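Asks: Protein chains in written order, with the UniProt record's numbering: chain F, 1 to 225; chain W, 1 to 225.
In this text, a Cβ means the ideal position worked out from N, Cα and C, and glycines have one as well.
The structure displayed is predicted, hence computed values, not measured ones.
Please find one structure pasted underneath; my questions will follow.
There are 2 protein chains.
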Amino acid sequence: MAKQERAVRTRRIFLEAAAEVFDEYGYDAASISVILERAQLTRGALYFHFTSKEALAQGVLDEAVTTLGFSPQTYKVQEWIDLALLLAYRLPREPLLSASIRLSVDPKSRSLFSTRWPDWIQLSLDLLATAKERGELQQHADPATIARLLVGAWTGVQLVSSSLPQQPDLVGEVSELFALILPGITVPAVLTKLDISPRRPERLLAEARPEQDSPALHEGSAPRS
Amino acid sequence: MAKQERAVRTRRIFLEAAAEVFDEYGYDAASISVILERAQLTRGALYFHFTSKEALAQGVLDEAVTTLGFSPQTYKVQEWIDLALLLAYRLPREPLLSASIRLSVDPKSRSLFSTRWPDWIQLSLDLLATAKERGELQQHADPATIARLLVGAWTGVQLVSSSLPQQPDLVGEVSELFALILPGITVPAVLTKLDISPRRPERLLAEARPEQDSPALHEGSAPRS
Chain F
1 MAKQERAVRT RRIFLEAAAE VFDEYGYDAA SISVILERAQ LTRGALYFHF
51 TSKEALAQGV LDEAVTTLGF SPQTYKVQEW IDLALLLAYR LPREPLLSAS
101 IRLSVDPKSR SLFSTRWPDW IQLSLDLLAT AKERGELQQH ADPATIARLL
151 VGAWTGVQLV SSSLPQQPDL VGEVSELFAL ILPGITVPAV LTKLDISPRR
201 PERLLAEARP EQDSPALHEG SAPRS
Chain W
1 MAKQERAVRT RRIFLEAAAE VFDEYGYDAA SISVILERAQ LTRGALYFHF
51 TSKEALAQGV LDEAVTTLGF SPQTYKVQEW IDLALLLAYR LPREPLLSAS
101 IRLSVDPKSR SLFSTRWPDW IQLSLDLLAT AKERGELQQH ADPATIARLL
151 VGAWTGVQLV SSSLPQQPDL VGEVSELFAL ILPGITVPAV LTKLDISPRR
201 PERLLAEARP EQDSPALHEG SAPRS
């Protein structure tokens with residue numbers, strides 16, 4: 001393994017260990033020694049990549065706005081739906097993503113690092129504004145309001161569903177949320193063409209190539225069947 | 001002041017002090033001494049009412065499902081909307097309410113005390129199930145799904161809006177959320193009669209009598225103009 005490749009892998013191991021520990025203990029109670037124990041690597045290796053707990057938390061949050069599995073669609077509204085469904089599918093499977101929500105709702109961590117919600121709102125707004133220009137949305141639909149409210153609604157649906165005894169499946173919940181909202185914002189001709197199936201994100205991820213993360217949002221060209 | 005009246009007042013002072021401290025520090029970092037300092041009452045008085053930090057947190061959560069300002073309406077959907085708007089109006093003004101959200105999103109506190117979300121979901125479900133029976137909802141609308149998703153959406157919209165730099169007004173946000181969702185779930189004849197104005201909760205509270213808290217949900221008869 002090349003030196004640089006090993007460094008990338010080591011960095012990733014620390015981020016994932018830190019994410020798990022932040023997720024379990026919260027930011028305040030998370031300690032470097034527990035993170036080291038989880039990562040099973042040396043303190044020296046850690047400090048080469050991250051000089052403090054703060055740097056680890058920032059590293060976790062930096063990984064949180066991700067568009068893996070995303071690919072261009074006929075309708076911009078579909079791309080917006082895809083972002084939300086993909087994140088719902090990946091979150092319970094990836095500690096880095098659940099830790100970033102945990103850090104965002106933790107007021108101490110939030111005051112130190114802020115949250116990634118504004119980035120998600122901006123990403124949604126870009127897609128919805130184009131959708132509006134293309135006539136996919138109803139006249140009265142305001143892209144900025146919808147973008148902001150849906151990032152909130154998505155986050156709360158995740159929090160509440162994860163706390164309920166029967167723990168409803170997050171992708172199913174987000175799909176139901178779109179079923180409630182889309183009739184009020186998209187034009188009927190587009191509405192009938194949209195796919196909000198809970199099985200969609202798994203299919204999108206299977207079709208995506210690994211190198212297709214974030215930059216692909218504006219440049220991606222993965223084939224869609 | 002009668003002895004019992006004084007005891008009720010003292011208990012309330014401790015709950016509000018605890019709520020402020022939980023809200024600022026989180027459950028783990030909150031300490032009895034800071035709560036005492038805030039309440040400006042003696043340790044003996046505290047222990048007469050609450051034997052531990054756990055008991056204080058439980059007391060705060062017990063106050064969190066509240067229907068002050070709620071009164072019977074022509075449409076059950078309107079009563080459901082009123083619950084959400086009233087809470088949105090009161091939350092930024094009442095530390096007991098914001099602390100209960102803080103305790104619900106804090107995983108440590110949540111594992112100790114669970115959350116009040118199931119109660120809110122049940123309250124919403126009762127109203128929506130009756131609305132459905134009365135023909136206020138569209139055929140495909142499922143009261144259980146809508147009740148669950150809206151409690152989540154409301155919570156997340158509160159969390160995200162409170163974190164944004166421009167801090168949009170919570171009542172305005174919740175009103176916009178209903179504007180997105182109602183066209184997809186209520187029948188058109190009812191939709192036109194619903195009031196989701198951000199100024200509604202303030203008016204409802206002004207009309208409510210103080211003794212009209214929780215029990216009024218099923219028995220209330222406050223006059224509506």
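I want to see whether chain W comes within less than 8 Å of Pro183 (chain F), judged by CB atoms only; does it?
Replies: yes
Asks: Are Ile81 (chain F) and Gln158 (chain F) closer than 8 Å when you measure CB to CB?
Replies: no
Asks: Looking at Val104 (chain F): is its Cβ nearer than 8 Å to the Cβ of Ala208 (chain F)?
Replies: One point to set straight first is that residue 104 (chain F) is Ser, not Val, in the sequence displayed. Their beta carbons are not under 8 Å apart, which means Ser104 (chain F) does not touch Ala208 (chain F) by this criterion.
Asks: Rank W:Val8, W:Val34, W:Arg6 by C-alpha distance to the C-alpha of Ala19 (chain W) and give the top, closest one.
Replies: Comparing Cα positions, the closest option is W:Val34.
Asks: Is the beta carbon of Leu125 (chain F) sitting closer than 8 Å to the one on Pro143 (chain F)?
Replies: yes
Asks: Tell me, please, whether the CB atom of residue 261 (chain W) is closer than 8 Å to any CB atom in chain F?
Replies: Nothing in the structure corresponds to residue 261 (chain W), since chain W is present only between 1 and 225.
Asks: Let me know if Arg148 (chain F) comes out buried or exposed under the rule of 16 or more other beta-carbons within 10 Å of its beta-carbon.
Replies: Buried.
Asks: Taking Cβ positions, are Gln138 (chain F) and Thr186 (chain F) nearer each other than 8 Å?
Replies: yes
Asks: Show which residues of chain F have a CB atom less than 9 Å away from the CB atom of Asp28 (chain W).
Replies: Gly26, Asp28, Ala29
Asks: In chain F, which residues lie less than 7 Å from Thr145 (chain W) when you measure between Cβ atoms?
Replies: Within 7 Å Cβ-Cβ: Glu176.
Asks: Helix or strand or just coil, what does DSSP make of Thr130 (chain W)?
Replies: helix
Asks: Step through the CB atoms of chain F and report whether any lies within less than 8 Å of the CB of Pro198 (chain W).
Replies: no
Asks: Please state if the CB of Ile181 (chain F) and the CB of Val151 (chain F) are separated by a distance shorter than 8 Å.
Replies: Contact annotation: Val151 (chain F) and Ile181 (chain F) have beta-carbon atoms that are not nearer than 8 Å.
Asks: Okay, do the region 188 to 201 of chain W and the region 153 to 171 of chain F touch, 3+ Cβ pairs below 8 Å being the bar?
Replies: no
Asks: Does DSSP put Thr10 (chain F) in a helix, in a strand, or in coil?
Replies: helix
Asks: Taking 8 Å as the threshold (beta carbon to beta carbon), is Ser163 (chain F) in contact with chain W?
Replies: It does: the Cβ of Ser163 (chain F) has a partner Cβ on chain W nearer than 8 Å.
Asks: From Pro118 (chain F) to Ala7 (chain W), what distance separates their C-alpha atoms?
Replies: Using only the alpha carbons, I get a separation of about 46 Å.
Asks: Here's the rule I'm using: 16 or more other beta-carbon atoms within 10 Å means buried, otherwise exposed. How should Arg9 (chain F) be labelled?
Replies: Here Arg9 (chain F) is exposed, its C-beta having fewer than 16 other C-beta atoms within 10 Å.
Asks: Is it true that the CB of Lys76 (chain W) sits closer than 8 Å to the CB of Ala131 (chain W)?
Replies: yes
Asks: Which stretch, first to last residue, makes up the alpha helix (DSSP H) that contains Pro188 (chain F)?
Replies: 188 to 191
Asks: Can you check whether the CB of Phe22 (chain F) is closer than 8 Å to the CB of Ala99 (chain F)?
Replies: yes
Asks: Between the Cα of Arg134 (chain W) and the Cα atoms of W:Pro107, W:Gln78, W:Leu112, which residue gives the shortest distance?
Replies: W:Gln78
Asks: Check whether the Cβ of Leu170 (chain W) lies closer than 7 Å to any heavy atom of the ligand ADP, and answer yes or no.
Replies: The ligand ADP is absent from the structure shown, which contains no ligands of any kind.
Asks: 8 Å is my cut-off, CB to CB: does Leu180 (chain W) come that close to chain F?
Replies: yes
Asks: For Glu20 (chain F), decide whether its Cβ has a neighbour in chain W, counting only Cβ atoms nearer than 8 Å.
Replies: no
Asks: Restricting to Cα atoms, I'd like to know which of W:Ala2, W:Ser111, W:Ala30, W:Arg12 is closest to Ser164 (chain F).
Replies: Rather than Ser, the amino acid found at residue 164 (chain F) in this sequence is Leu. For Leu164 (chain F), the closest alpha carbon among the candidates W:Ala2, W:Ser111, W:Ala30, W:Arg12 is that of W:Ser111.
Asks: Just the chain F side, please: which residues come within less than 8 Å of Glu5 (chain W) by C-beta, in chain order?
Replies: For Glu5 (chain W), no chain F residue has a C-beta closer than 8 Å to its own C-beta; the minimum C-beta separation is roughly 35 Å.
Asks: Taking the alpha helix (DSSP H) that Asp62 (chain W) falls in, what are its first and last residues?
Replies: 53 to 62
Asks: Find the residues of chain W that neighbour Pro92 (chain F), judging by a C-beta separation of less than 8 Å, and give them in chain order.
Replies: Neighbours of Pro92 (chain F) on chain W: none; closest Cβ ~15 Å, over 8 Å.
Asks: Going by DSSP, which residues form a beta bridge with Leu137 (chain W)?
Replies: W:Thr186
Asks: Should Gly69 (chain F) be labelled buried (16 or more other beta-carbon atoms within 10 Å of its own) or exposed?
Replies: The C-beta of Gly69 (chain F) has 16 or more other C-beta atoms within 10 Å across all chains shown, which makes the residue buried.
Asks: In angstroms with no decimal places, state the Cα-to-Cα distance between Phe48 (chain F) and Ala17 (chain F).
Replies: Phe48 (chain F) and Ala17 (chain F): Cα-Cα distance of roughly 16 Å.
Asks: Mapping DSSP to helix, strand and coil, what is Tyr25 (chain W)?
Replies: helix
Asks: For Glu173 (chain W), which residues in chain F fall below 9 Å Cβ to Cβ?
Replies: Thr145, Arg148, Leu149, Gly152
Asks: Do you know offhand how far Ser114 (chain W)'s Cα is from Pro188 (chain F)'s?
Replies: 42 Å
Asks: Can you give me the start and stop residues for the alpha helix (DSSP H) that Ala81 (chain W) sits inside?
Replies: Note that residue 81 (chain W) corresponds to Ile in the displayed sequence, not to Ala. Here the alpha helix (DSSP H) through Ile81 (chain W) covers 76 to 90.
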